[in-house]
Amino acid sequence: MAFLKFLGTAGARFVVMKQLRASGGVWLSVGQTNLYIDPGPGALVRCLSSRPKMDPSILNGIVLTHKHLDHSGDVNVMIEAMTEGGFKKRGVLFAPRDALEQDPVVLRYAMGYVDKVEVLKEDTEYQIGDIRFSTARKHQHQVETYGLNFKTSPHTISFITDTRFFPELPGLYRGEILVIHVVRLKPVGKEPIEHLSMEDVKHILKIAKPRLTLLTHFGMTMIKAKPWVVAAELEKELGLKVIAASDGMKINLEEV
Ligand SMILES: [Zn+2]
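Position in the sequence shown (from 1) plus 437 gives the number in my numbering.
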């Protein structure tokens, strides 16, 4: 069964620090391949406490969209879990260069446990087992950040991680399923916060028209507004299927 499972839906510091939502990232499974995206704080605990239990030692790879802690806090322990404590050299780590080199979030010894480290760059295709994906242009975020387009079957999936809105954004992510990180309910105006708001999401959906949108990575203003209420309103307004992800939610890609 091909699936996406949310081991966390928290975004931004406050929701993560208080663990108002879990912050473990997303597990993608297609065919024989299991890929973990953005193992934030608690990823390992959320895997092992989920029902049924998710076993990180079957992972084929781990992707970091960027090095912010809410996306990478558990990357080292997840590498250890994937490689059975480093005793089985296996798996691929995908990460932007600045997550590996300047003020790195991946420890040098943990990097030695994986079979291969692939540096994420702009507009590049990658393959791991049954999963093919590409990056688009660099996001507008404080650190080097890439969204992902998965050319998976039965549906393509786009994954828009943290960024400030820019006009080309909707055209870069045309997957049938769109996972979008929406930290803010309202735009921030001139404040230097490089995250998407619901206004931005609405704009993106009107152009991209995905078959299914999954909202996740909620900041405090989204949590207070109840993400499921916000999603239902957007679905009604746009006539597109929109779901607010919840911790532990599993989407069977064959049923979408
Ligand atoms: Zn970030």
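Glycine residues also receive a C-beta, built at the ideal position from the N, C-alpha and C atoms. The structure displayed is predicted, hence computed values, not measured ones.
For this session: Let me know the secondary structure DSSP gives residue 562 once reduced to three states.
Result: strand
Exercise. Any heavy atom of ligand 1 closer than 6 Å to the CB of residue 511?
Worked result: no
Exercise. Comparing the CB of residue 505 with every heavy atom of ligand 1, is any distance shorter than 6 Å?
Worked result: yes
Problem set entry | Span of the alpha helix (DSSP H), counted from its first residue to its last, around residue 607 | 606-609
Problem set entry | Complete runs of the beta strand (DSSP E) confined to the region 472-516 [at least 3 residues] | Taking only runs of at least 3 residues, the beta strand (DSSP E) segments lying wholly in the region 472-516 are 498-500.
For this session: Determine contact between the region 530-548 and the region 500-511, defined as no fewer than three beta-carbon pairs at a distance below 8 Å.
Result: yes
Exercise. CB residue 478 to CB residue 462, shorter than 7 Å?
Worked result: no
Exercise. Considering only residues of the same chain and omitting the five flanking positions on each side of residue 597, which have a CB-CB separation below 8 Å?
Worked result: 584, 606, 610, 615, 616, 617, 618, 633, 641
Exercise. Using the C-alpha atoms, what's the distance from residue 516 back to residue 669?
Worked result: 37 Å
Exercise. Candidates 453, 679, 452, 567: which alpha carbon is nearest residue 645's?
Worked result: 679
Exercise. At a cut-off of 6 Å, is residue 599 close to ligand 1 when judged by its beta-carbon and the heavy atoms of the ligand?
Worked result: For residue 599, the shortest C-beta to heavy atom distance toward ligand 1 is below 6 Å.
Exercise. Could you give the residue range of the alpha helix (DSSP H) that holds residue 664?
Worked result: 664-675
For this session: Report yes or no: do three or more beta-carbon pairs, one from the region 480-487 and one from the region 453-462, lie closer than 8 Å?
Result: yes
Exercise. From this set, 494, 452, 650, 466, which residue's C-alpha is nearest residue 569's C-alpha?
Worked result: 466
Exercise. Between residue 493 and residue 518, is the Cβ-Cβ spacing less than 7 Å?
Worked result: yes
Problem set entry | Outcome for residue 454 when other beta-carbon atoms lying within 10 angstroms are tallied against a minimum of 16 | exposed
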